[in-house]
Amino acid sequence: MCGIIGVSGVRDAPEVIVEALRRLEYRGYDSAGMAIYQDGSFKRVREATGTHSVELLAKHVKDFQGSESVSGVGHNRWATHGKPSQENAHPQFDCSGRVAVVHNGIVENFAELKDELLSQGHLFTSDTDTEVIAHLLEVALGGTDRIDDALAEVFSKLRGAMAIVAMETSRPTLLACVRRTSPLIIATNGDEGFIASDIPAILGRAKHYYQIDDAVVASVELGEVRAFKLDHTEVEPREFVVTWDLTRAARDGYDDFMSKEIMEQPQAIRDTLAGRLQHWDTSGIQLDELRVEVEKLQRVNKIFMIGCGTSYHACMAARYAIESLCKIPVELDVASEFRYREPRLDEQTLVIAVSQSGETLDTIAALAEASSSGAVSLVVSNVVDSSMARMADSVIYTHAGPEVCVASTKTYLAQIVALELFAIYFAKLKGTSTTAELRSLASALEELAEKVGQLTNRFAEMVGVASKVENFERFYFIGRNVGFPVALEGALKLKELSYLPAEGFPAGELKHGPIAMLDASSVVVAIATRGRLWEKVMANLQEVKARGAKVLLVASEGDNETIAEGDAAFVVPETHPLLSPVLDTIPLQILAYHLARYRGFDVDRPRNLAKTVTVE
Ligand code: G6P
C-alpha cells in the first residue's frame, strides 16, 4: 500500500504535501514523512506514531519557513519491510542524501540487490526495500541530472508490483515516476506539477490529469509532463477527465468520514443507477465499457466472481440475483485464492472482478490470470480508469464518489447495485428471465435510494439500538440465503473497526459447531427480515435463545412477531428479496461504527489496515 505525493514548482510545498498525505491516509498511516528541497539539499522530516503520524508531520511545516520550498516528495507508509519507525519511514535517501525516493509496493528481489550494493560500499540506514532504489539511483545518475533516465535504468532491475517517485538535488524541479500495477497519476496546473497515488490527494489543486501506463517512466518538471518507455521511445501522456469535486472528498462537518459516507449512501445509489434504468426493457442497460463483441458475452456459460474483503461480500450478495435471473452457474472466490486453485477457465467463462479501488493487487493478479486463459472479464470499480478497469473486456463503474474511510460502506452498496444491474443486462441478453421478473427488480432498484435514505435518516435511532450491546465482547452474525453475506459483512465491519471477535455464519450451520460458543456473554445478530427463509431463521433463533445469548435482530418494519423474539431490533423497510442485502447491511455498519466509537477507536483509520492493498 502506501500513499505517494510529489510536487514540483508548487508554492508552499510542505503544506500542499501534508494536505495530500491527509487525503491519502486511507492507503496507510503507520508512519509519514516528507523531503523538501531547500538551499541545495533535502530537508527531511518523518514521524512514526501510528494513526497520528500525518498530524504530527503537519507540525513540522513551520520548520520549512524562511527558505523557498517548491519541490518535494511525501509518503504515508503501511509497513511491509521493516517495522514502523522513523528510520523506515519514507522518503529514503541514497548515501549522500542527493536522491529522495518514495515508494509503494514491494521490491521482491531487494535482498540480492541490497547485498550487491553493500558489497560496493553503500551505507544503509533502514530495513526497507525502498532504500535499495535510492542507492541504485545514486549509481545510475553518475554525473548527470536526469533522474527520469536513471529511474528507467533502475526500474528494469526491480521485480514486483510497485510505484516509485524520485527526485535529486542538482535538478530539484524534475520529478520522475514509474509504476508496475500499483496506482500513480500525474497532474498539472499552469507551472505546477504533481504526482500522486490517487486523485483526491490533489483534487482542487490540479487541473489536468494524466494516466501513467505500466513500465512507462513519466516526469513532471513544473507544468511540463513527459513520458517514455523503458527503451526510451517517447509516449504521449494520456489526459483524463476528473469529475469528482473537493467537497465530496472532505469531511463536510461530519465527525468522521465513515458517518459521512454512510449518509451519502442514498446518493451513491442514485448516481450508480443514473441513466441506466430508463431504457432497460428497450435498448437495455449500457455497460461503461464493452471491448468485446456482445456475441462473446452471449456465449458465456459460467461465471466466476472475485474480490477481497467487503468487495468479496458484494459478489456474494449479488450472486443470488445473477444465478436467479441468468440461470447460469456462478462460483465465488476470494481473489487471493482464485488463481492458486487452477480454476477451469475458457472463452465461455466470464470472470467478474469487483473492487472499490480497482487497484487491489490480489484481484488484479486474479484478473490477469483469467484474461490469459481467454476468459471474458467484467470489472466493477469505483475509480474511473483504474488498473483493473483498463485490463478488463467490460466495465461498470459505481459512481459512489471518493470513499476515504478504510472500511467500505457506500461503495459496497453501490457494488451490489451495479452487479444487480448487470444481472438484468445479462438476463436480457441471454433471454433467461421473463420481462415481469426483470421489471420487478428494476422497479425495486428505482425505489432503493429512497429506502436507503429512510434508514440513514434514522442513524441516531440505530445508534440507540446498538448501545444495548456496547458492553458485550463477542459477536456472532447469522443469516440465510441473501442474509448470509449480510452476516459476513456485519462481522467484518465489527472486526475491522472495534477489534472485537466477530464471526458470521449461515444460520443453518450454527448447530454444526459454532453454537458451542454461545452463552449469556455473547451476542447473536440475526438477519431476520421477511425473506424466503425467514421461518428457518426464526427456528435457528430459538436454538440461540435456548443458550442464553443476547439477540439483536435486523427485522422488517412492522413485523412485531419477529421483533418480539429479540432483545433489541433494527427495523428496515421491505424491498425486493434480491435487494435486501443492501438495506439489511446499513444497521450493521452503524453497529460497528458505534461500538468502535464507544471503545474510543478511530473509525476512519483502524489499526493495521489500509484501504487499498497493493501487495499480495
Ligand atoms: C482492503 C480494505 C477493505 C477492502 C479490500 C478490498 O483490505 O481494508 O476494506 O474491502 O481491501 O478493496 P477493493 O478496493 O478491492 O474493493
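Per numbering that gives the first Met the number 0, the sequence shown starts with residue 0, numbered consecutively. Note that beta-carbon positions come from the ideal geometry of N, C-alpha and C, so glycine has one too. Please read these numbers as outputs of a predicted model, since none were measured by experiment.
{"Check": "Should Ser181 be counted as a contact of the ligand G6P given a C-beta to heavy atom distance under 7 Å?", "Outcome": "no"}
{"Check": "What whole-angstrom Cβ distance do Val291 and Ser393 have, given they're in contact under 8 Å?", "Outcome": "7 Å"}
{"Check": "Under DSSP, the beta strand (DSSP E) around Thr187 begins and ends at which residues?", "Outcome": "184-188"}
{"Check": "In angstroms, rounded to a whole number, what distance separates the CA positions of Gly8 and Phe193?", "Outcome": "9 Å"}
{"Check": "To which residues of the same chain is Ala519 closer than 8 Å at the C-beta, ignoring the five residues directly before and after it?", "Outcome": "Gly547, Ala548, Lys549"}
{"Check": "Mind listing, in chain order, the continuous alpha helix (DSSP H) runs of no fewer than 4 residues lying wholly within the segment 350-409?", "Outcome": "360-371, 386-390"}
{"Check": "Taking the alpha carbon of Ser372 as the reference point, which residue from Gln355, Asp213, Asp345 has its own alpha carbon closest?", "Outcome": "Asp345"}
{"Check": "Consult DSSP for Ala554 and reduce its assignment to one of helix, strand or coil.", "Outcome": "strand"}
{"Check": "DSSP three-state label for Ile131, please.", "Outcome": "Sequence inspection shows Val at residue 131; the Ile mentioned does not correspond to that position. In this structure, Val131 counts as helix in the three-state DSSP scheme."}
{"Check": "Which class does Gln37 belong to by DSSP, given the choice of helix, strand or coil?", "Outcome": "strand"}
{"Check": "According to the Cβ coordinates, are Ala175 and Val216 closer than 8 Å?", "Outcome": "yes"}
{"Check": "Looking at the structure shown, is Arg298 part of a helix, part of a strand, or coil, going by DSSP?", "Outcome": "coil"}
{"Check": "Would you call the segment 54-67 and the segment 99-114 touching, i.e. three or more CB-CB distances under 8 Å?", "Outcome": "no"}
{"Check": "Could you pull out every residue in the same chain whose Cβ sits closer than 8 Å to the Cβ of Gln453, ignoring the five residues on either side in sequence?", "Outcome": "Pro572"}
{"Check": "Closer than 7 Å to a non-hydrogen atom of the ligand G6P - does that hold for the CB of Leu608?", "Outcome": "yes"}
{"Check": "Considering only C-alpha positions, which residue in the set Thr309, Ile477, Ser386, Leu590 is nearest to Asp213?", "Outcome": "Ser386"}
{"Check": "Taking only three categories from DSSP, how would you classify Lys494?", "Outcome": "helix"}
{"Check": "Can you check which of these residues, Ser95, Val98, Glu130, is closest to Ala88 by C-alpha distance?", "Outcome": "Glu130"}
{"Check": "Name, in chain order, the residues that DSSP records as bridge partners for Gln91.", "Outcome": "Val100"}
{"Check": "Is Asn480 near Arg531, with beta carbons less than 8 Å apart?", "Outcome": "yes"}
{"Check": "Could you say which of Ala133, Lys113, Asp114, Ala365 lies nearest to Val101 if we only look at CA atoms?", "Outcome": "Ala133"}
{"Check": "For the candidate residues Thr187, His231, Lys82, whose alpha-carbon lies nearest to that of Leu220?", "Outcome": "Looking at the sequence itself, residue 220 is Glu, so the reference to Leu does not match. Ranking the options by Cα distance to Glu220, first place goes to Thr187."}
{"Check": "Within a Cβ cutoff of 7 Å, which residues of the same chain sit near Asp601, ignoring the five residues on either side of it in sequence?", "Outcome": "Thr50"}
{"Check": "Taking 8 Å as the limit between beta carbons, can you name the residues of its chain near Leu487, skipping five residues before and five after?", "Outcome": "His312, Met315, Phe476, Gly503"}
{"Check": "Got a sec: does the ligand G6P put a non-hydrogen atom nearer than 7 Å to the Cβ of Gly306?", "Outcome": "yes"}
{"Check": "For Gly65, tell me which candidate among Tyr36, Met304, Leu440 has the shortest Cα-Cα distance.", "Outcome": "Tyr36"}
{"Check": "Is the closest heavy atom of the ligand G6P to the C-beta of Val53 under 7 Å?", "Outcome": "no"}
{"Check": "Quick check on Asp603 - is its C-beta less than 8 Å from some C-beta in chain C?", "Outcome": "No chain C appears in this structure, which consists of one protein chain only."}
{"Check": "For Ser7, which residues does DSSP report across the bridge?", "Outcome": "Gly192"}
{"Check": "Return yes when the C-beta of Ser432 is under 7 Å from any heavy atom of the ligand G6P, and no when it is not.", "Outcome": "no"}
{"Check": "If we ignore side chains and look at the alpha-carbon of each, how far apart do Leu420 and Ile302 end up?", "Outcome": "16 Å"}
{"Check": "Are the beta-carbon atoms belonging to Val405 and Pro605 less than 8 Å from one another?", "Outcome": "yes"}
{"Check": "Who are Ala162's beta bridge partners in DSSP?", "Outcome": "Asn103, Arg178"}
{"Check": "Going by C-alpha distance, which of Ala149, Asn607, Ala506, Thr362 is nearest Thr613?", "Outcome": "Thr362"}
{"Check": "Could you tell me the distance, in whole angstroms, from the CA atom of Gln588 to the CA atom of Leu229?", "Outcome": "46 Å"}
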